[in-house]
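Chain order of the listed sequences is A and B.
For what it's worth, my numbering labels the leading residue of the first sequence as 1, then goes sequentially.
For what it's worth, my numbering labels the leading residue of the second sequence as 366, then goes sequentially.
Ideal placement from N, C-alpha and C gives every residue a C-beta, glycine not left out.
Fair warning: this is a prediction, and the values are worked out from it, not measured in the lab.
Structure first, then comments.
Number of protein chains: 2
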Amino acid sequence: MLTLRQRSILKAIVETYIATAEPVGSKALSGKYNFGVSSATLRNEMAELIAQGYLEQPHTSAGRVPTHQGYRLYVNELMNGYSLTPDDSAELKNALRLKIARYDKLTEELGQVLSRLTNYAAVAAAPKLSSGRTIRRIDVIPCDGQICVLLVVLGNGVVRDRMITVAEKPSTAALYDFLATVNGMLVGLEPSAVTVGHLKALNEAARYGCGDIMAQLTDFLTELAEASGEMEIATAGEGNLLSYPEYRDPDKAKELFGFLNDADNVEWLPMPGDAPVVVRIGAENPAGPLQNASLMVTGCSLGGGYRGYLGIVGPTRMDYSRLAARLSFFARGLSAVLGEAVNAPAEEDKEKGDEEHGRAREETT
Amino acid sequence: MLTLRQRSILKAIVETYIATAEPVGSKALSGKYNFGVSSATLRNEMAELIAQGYLEQPHTSAGRVPTHQGYRLYVNELMNGYSLTPDDSAELKNALRLKIARYDKLTEELGQVLSRLTNYAAVAAAPKLSSGRTIRRIDVIPCDGQICVLLVVLGNGVVRDRMITVAEKPSTAALYDFLATVNGMLVGLEPSAVTVGHLKALNEAARYGCGDIMAQLTDFLTELAEASGEMEIATAGEGNLLSYPEYRDPDKAKELFGFLNDADNVEWLPMPGDAPVVVRIGAENPAGPLQNASLMVTGCSLGGGYRGYLGIVGPTRMDYSRLAARLSFFARGLSAVLGEAVNAPAEEDKEKGDEEHGRAREETT
DNA sequence: TTTTAGCACTCTGTCTCCCGGAGTGCTAAT
DNA sequence: ATTAGCACTCCGGGAGACAGAGTGCTAAAA
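In C-alpha cells, the structure reads:
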C-alpha cells in the first residue's frame, strides 16, 4: 500500500531522524537527499505516511518523526544490511579476546563488553549453571576447623561449591564410604531428578557423623534443582544512555535504570530461537518502562547445547542497521569462541559472511 | 577559633542545606531555629564563617552553602551520633538475611543491597578469593568428551575451578598417581609460594598423558598467585543518584557513572584499618570525578581474618550522620553473619551499641 | 492527473525585559 | 555586642517579541 517513493521517503526520514534526533521537515529532506521532486511533493507524501501511521508530528508545523510502526517497517523491509568496516570487525574481534575464565561471571562480563562496544545499555543472559546438567561427581573436602566444602561437579565442567560448617568432622574412612554411596546413587542424574527416595536412602547410609553433611547436601541439591531452567541476567552500561537526548530527563533515565537493574524480572527479554536478531520497538515491548525504548536481542551458543542471549537497550531512535550487524557479529564470534572451548572445532569460517549480518528478522507479531 | 555560637550556626546551616539542597539565608535560618538572636547577628556570624572558609556564597545576595571544610568540621565535631530507629534497625537486620551462598558474588550482592538501603550509589570491595590462602587440595575431574575440571580448594572453604580441554584423557590410575604427587607437593602452600622448582618436579611426574593437564594447572596456579592481594570491587545503584538535584545534569551523572563502573581502578577507595567510618568529602578525594562527591567507607570482617569494605557515594550534601550510622550498623551486622559462618561464635551482643554507630572518624589529613 | 510554486499561517525556541522575592551589607541606634 | 532599618543585588519566572523552520492549501504548470 506504500508506493516505492513513499518507502524511500520513509527510509530517508527514519535515517535522518536516527542521526539527528530532531523532527525532519520536507525542505531539509529534499536538500539532503535528491528525490528529484520538490519539497511540496514530499509534504504530500509525508501527509500520506502520517495518514497510514508511519509518521507523526510532534505538533502542527513541526517536522515528522517515525512512529513505532514506521521504525518497524524500516527494520523489516527498508534498512540496508550494514557492512562492517574492517575497523568494526577488528574492534569486535578484539573484544572477543575477553577472558572467560570464570563461567559464573560470564553474563556480567559480556554485558560490560557489549555496552562498551555499542554505547548503549547492554543485557546478557545465560542459563543458570546447573540448568539441565547431570551430576558428575559429588565431593566433600574438609578444611580448617569445622569447615567443609561441598562440591558438585555437573556436566560440561560446571562446578558449584558451597561452604558448610559441621558439628564434628567425620573420619576419613566414614567420609570415603559416604561419598562412595552418594556418588553411586546420584551420579548421572540431574539435580532436579533427585527424589525424596534417594535422599532417604542416603540418609540411612549417612552414619558415622556424616548426617550433618547429608542435611546440608540435601539443601544444596534442592537449591541446584530449583535453579534449573532459570536464566541469569545481567545488565550493564546504563550510564551510556545518558548521552542520548531521549534520556536527558533524569526521571526517565531513572525509571529505565531501575527497571533494568531489577534482576528478578526477566520476562521482558525475548529469547529468540533462530532469528539472527530480534528487534522490539517501543510499544512492542511488554514491560512498561521499555515501551518507549527499543531492544535488540540475539542468541548465541554457549557450548554444550546451551544458549545465551545478548541484547542492547536504547531509545527507539537507534541505529538499527549498524547495531544489528555488530550484535550479530559479536554473538557469532562468541559462539565460535565458546563452542571452541567446549568442542574444539576448526573455526576459520569467520570471514565469510561479514556483509549479511545486518538484516534483522522481524518480530513475530 | 570558632565560637560556640558560630559552631551551632554552622551546624544548623549544614543540616538545613542537607535537607533542602538550597542555599540557606539568615532570615530563613532564624525562623527555623531559635538562636535567640536576630537575623542581622546571624549575618555577621555567617560573614565570619565565610571569612574562615566554612561557608561560601554562590553569588552575592544568595544564601550560604557549606564548603568542603564546613562539611568536614560538621562531620568531625558537630554532627550528632544518629540513633537508629527501631524501623531502621529492623530494616537493616532484615537486609542481612541475604544469601551469601556464592562467595564469589559477594561484592555485587552487597553493593546492591547497600544501595537499596541507602538510596545512594554503593561500593563493595573484598579481597580476591585466592588472596593469602593456602592450597588444601587439588583435583581433576574428567567430564564429557575432552573436558576436565581443574579444582583448587583453598583455605576457609574457597574453591576455584577452571574448565580445561585435554588432547587425550589420562587413565584413571595415571590421574590418581598424578594427583597424589601434586597434592603431596603443593598442599599447604599458598599459590604464590609455588616455585618453578615445584613445577619442574611435577612436570617430570606428569607422565602417562597428564602433561597436558599439568600445563594448564600451571597456568591456573600462576593466575591464582597473581590475583593474591588484589581487591575485587563492585559498584551498584548508580541510578539512585539521579534523584538528587546535584546529578540532574546528565553530563555530571554520566561522568561519575563512568568512573564508578571502571572496575579496574580501585585507588580511589580508602580501606580504613579501624576507623568506624571514613568520610571523604569532595576535594578530599584523590580522583577527579569524585571531587564534588562524597564517599563514606567502612570496613567489615569477612571471616578468616579477611577484611572487606563497604561504601556509599553521593553528593557532598549527604546526610552524613544518618548514613554513617546505617553503614556502620550494616557492616557490623555483616561481620557478625560472616564471622559466624566461619567461626560460629555466639552473636547476641548486637543490640548493645545502637546509639553510637553514628560518629564518623575523621579522615587523616 | 501529478507536480510544483507560492503564500499565509503556526508553532517552537530563544532572547530580552521586567518584576517580585529573598537575601545581603552597611549604618546608626540601642 | 546586638539589632532595626534600608538600599542594593541577584535569581527565577513570566510576558512579549521575533526569527526560523515547517506546514497546508490553492492555483498554475506539466
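For this session: Go ahead and pull the three-state DSSP assignment for residue 225 of chain A.
Result: Looking up residue 225 of chain A in the first sequence gives position 225. If DSSP states are grouped into helix, strand and coil, residue 225 of chain A belongs with the helices.
Exercise. What residue does the beta strand (DSSP E) around residue 490 of chain B start on, and which one ends it?
Worked result: Position 125 of the second sequence holds residue 490 of chain B. Segment 486 to 492, the beta strand (DSSP E) holding residue 490 of chain B.
Exercise. Mapping DSSP to helix, strand and coil, what is residue 262 of chain A?
Worked result: Position 262 of the first sequence holds residue 262 of chain A. Residue state, collapsed to three classes: coil.
For this session: Report the neighbours of residue 243 of chain A on chain B: residues whose CB is nearer than 7 Å to its CB, in chain order.
Result: Working through the first sequence from its first residue, we reach residue 243 of chain A at position 243. Within 7 Å Cβ-Cβ: 619.
Exercise. Are residue 326 of chain A and residue 85 of chain A close, meaning C-beta to C-beta below 8 Å?
Worked result: Numbered from its first residue, the first sequence carries residue 326 of chain A at position 326. Numbered from its first residue, the first sequence carries residue 85 of chain A at position 85. Not a contact, by the Cβ cut-off of 8 Å.
Problem set entry | chain B within 8 Å of residue 163 of chain A, Cβ atoms only | Sequence index remark: in the first sequence, residue 163 of chain A carries index 163 (1-based). It does; some Cβ of chain B falls within 8 Å.
Exercise. In chain A, which residues lie less than 8 Å from residue 508 of chain B when you measure between Cβ atoms?
Worked result: As a first step, residue 508 of chain B is located in the second sequence; it is residue number 143 there, counting from the start. In chain order: 136, 153, 155, 156 and 157.
Exercise. For residue 56 of chain A, which beta-bridge partners are listed by DSSP?
Worked result: Reading the first sequence from its first residue, position 56 is the one you call residue 56 of chain A. DSSP lists A:65 as partners of residue 56 of chain A.
Exercise. Hey, does residue 670 of chain B have any beta-carbon neighbour from chain A nearer than 8 Å?
Worked result: To locate residue 670 of chain B, count along the second sequence from 1; it is residue 305. It does not; no Cβ of chain A falls within 8 Å.
Problem set entry | Close Cβ partners of residue 444 of chain B (< 7 Å) along its chain, the five nearest in sequence each way excluded | Locating residue 444 of chain B in the second sequence gives position 79, where the first residue counts as 1. These residues qualify, in order along the chain: 685 and 686.
Exercise. Shorter than 8 Å from the beta carbon of residue 149 of chain A to some beta carbon of chain B?
Worked result: Along the first sequence, one-based indexing puts residue 149 of chain A at 149. Yes, because at least one Cβ of chain B sits closer than 8 Å to the Cβ of residue 149 of chain A.
For this session: Return yes when the Cβ of residue 644 of chain B is within less than 8 Å of the Cβ of residue 440 of chain B, no when it is not.
Result: Here residue 440 of chain B refers to the residue found at position 75 when the second sequence is read from its first residue. Here residue 644 of chain B refers to the residue found at position 279 when the second sequence is read from its first residue. Yes; because the gap between Cβ atoms is below 8 Å, this pair is in contact.
Problem set entry | Within chain B, the residues that residue 248 of chain A reaches when beta carbons sit closer than 8 Å | Here residue 248 of chain A refers to the residue found at position 248 when the first sequence is read from its first residue. In chain order: 615.
For this session: Using the DSSP secondary-structure output, state which residues sit across from residue 516 of chain B in a beta bridge.
Result: Taking the first residue of the second sequence as 1, we reach residue 516 of chain B at position 151. For residue 516 of chain B, which the question treats as bridged, DSSP gives the partners B:504 and B:526.
For this session: Note down the Cα distance separating residue 261 of chain A from residue 605 of chain B, rounded to an integer number of angstroms.
Result: Locating residue 261 of chain A in the first sequence gives position 261, where the first residue counts as 1. Locating residue 605 of chain B in the second sequence gives position 240, where the first residue counts as 1. Those two C-alpha atoms are separated by around 11 Å.
Exercise. If you draw a straight line from the alpha carbon of residue 343 of chain A to that of residue 533 of chain B, how long is it in whole angstroms?
Worked result: By one-based count along the first sequence, residue 343 of chain A stands at place 343. By one-based count along the second sequence, residue 533 of chain B stands at place 168. Because the pLDDT of residue 343 of chain A is 42, which lies under 50, any placement of that residue in the model is unreliable, and the number read from its coordinates should be weighed accordingly. Each residue's alpha carbon lies about 13 Å from the other.
For this session: Spell out whether any CB of chain A is found under 8 Å from the CB atom of residue 626 of chain B.
Result: Position 261 of the second sequence, counted from the first residue, corresponds to residue 626 of chain B. True, the Cβ-Cβ gap to chain A drops below 8 Å.
Exercise. What does residue 258 of chain A reach in chain B if we use C-beta pairs closer than 7 Å?
Worked result: Here residue 258 of chain A corresponds to residue number 258 of the first sequence, with the count starting at 1. By Cβ distance, chain B contributes 604.
Problem set entry | Expected contact under 8 Å - CB spacing of residue 170 of chain A and residue 178 of chain A to nearest Å | Position 170 of the first sequence holds residue 170 of chain A. Position 178 of the first sequence holds residue 178 of chain A. At roughly 7 Å, the Cβ-Cβ gap stays under 8 Å, so residue 170 of chain A and residue 178 of chain A are in contact.
Exercise. By Cβ distance, which residues of its chain are closer than 7 Å to residue 552 of chain B, with the 5 residues on each side in sequence left out?
Worked result: On the second sequence, position 187 is the one that residue 552 of chain B refers to. Excluding residues within five positions, the ones whose Cβ falls inside 7 Å are 500, 501 and 502.
Exercise. Closest to residue 34 of chain A by CA distance: which of A:293, A:50 and A:5 is it?
Worked result: Sequence index remark: in the first sequence, residue 34 of chain A carries index 34 (1-based). The shortest C-alpha separation from residue 34 of chain A is found at A:5.
Exercise. Distance, Cα to Cα, residue 367 of chain B vs residue 476 of chain B?
Worked result: The residue labelled residue 367 of chain B in the question sits at position 2 within the second sequence. The residue labelled residue 476 of chain B in the question sits at position 111 within the second sequence. C-alpha separation (whole angstroms): 39 Å.
For this session: Just the C-alpha distance for residue 506 of chain B and residue 548 of chain B, rounded to the nearest angstrom, thanks.
Result: One-based indexing of the second sequence puts residue 506 of chain B at position 141. One-based indexing of the second sequence puts residue 548 of chain B at position 183. Taking the straight line from one Cα to the other gives about 14 Å.
For this session: Say whether chain B places a C-beta atom closer than 8 Å to the C-beta of residue 3 of chain A.
Result: On the first sequence, position 3 is the one that residue 3 of chain A refers to. It does not; no Cβ of chain B falls within 8 Å.
Problem set entry | The beta strand (DSSP E) enclosing residue 248 of chain A, as first and last residue numbers | In the first sequence, the residue the question calls residue 248 of chain A occupies position 248. It is not in any beta strand (DSSP E) - residue 248 of chain A carries neither H nor E in the DSSP assignment.
For this session: Taking residue 417 of chain B as the reference, give the member of B:432, B:406, B:677 and B:424 with the closest Cα.
Result: As a working mapping, residue 417 of chain B is identified with position 52 in the second sequence. It is B:432.
Problem set entry | Paired residues, beta bridge with residue 281 of chain A - DSSP | Along the first sequence, one-based indexing puts residue 281 of chain A at 281. Bridge partners of residue 281 of chain A: A:294.
Exercise. If residue 287 of chain A sits next to residue 267 of chain A, beta carbons under 8 Å apart, how far is it from one beta carbon to the other, in whole angstroms?
Worked result: One-based indexing of the first sequence puts residue 287 of chain A at position 287. One-based indexing of the first sequence puts residue 267 of chain A at position 267. About 7 Å separates the two Cβ atoms, so the contact holds.
Exercise. Any idea which residues DSSP pairs residue 2 of chain A with across the strands?
Worked result: The count along the first sequence starts at 1 and reaches residue 2 of chain A at position 2. Paired residues: none, contrary to the question.
Exercise. Can you tell me the Cα-Cα spacing of residue 442 of chain B and residue 372 of chain B, whole angstroms?
Worked result: If you number the second sequence from 1, residue 442 of chain B lands on position 77. If you number the second sequence from 1, residue 372 of chain B lands on position 7. Distance between the alpha carbons of residue 442 of chain B and residue 372 of chain B is about 9 Å.
Exercise. Does any C-beta atom of chain B lie closer than 8 Å to the C-beta of residue 19 of chain A?
Worked result: By 1-based counting over the first sequence, the position of residue 19 of chain A is 19. Residue 19 of chain A does not count as touching chain B.
Problem set entry | Three-state class that DSSP yields for residue 674 of chain B in the structure shown | Along the second sequence, one-based indexing puts residue 674 of chain B at 309. In the structure shown, residue 674 of chain B sits in a strand (DSSP, three-state: E or B).
For this session: Compute the Euclidean distance between the alpha carbons of residue 570 of chain B and residue 216 of chain A, then round it to the nearest angstrom.
Result: For the purposes of this step, residue 570 of chain B is taken as the residue at position 205 of the second sequence. For the purposes of this step, residue 216 of chain A is taken as the residue at position 216 of the first sequence. Going from the Cα of residue 570 of chain B to the Cα of residue 216 of chain A covers about 37 Å.
Exercise. Taking C-beta to C-beta, are residue 120 of chain A and residue 299 of chain A nearer than 8 Å?
Worked result: What you label residue 120 of chain A is simply residue 120 of the first sequence in a count that begins at 1. What you label residue 299 of chain A is simply residue 299 of the first sequence in a count that begins at 1. No.
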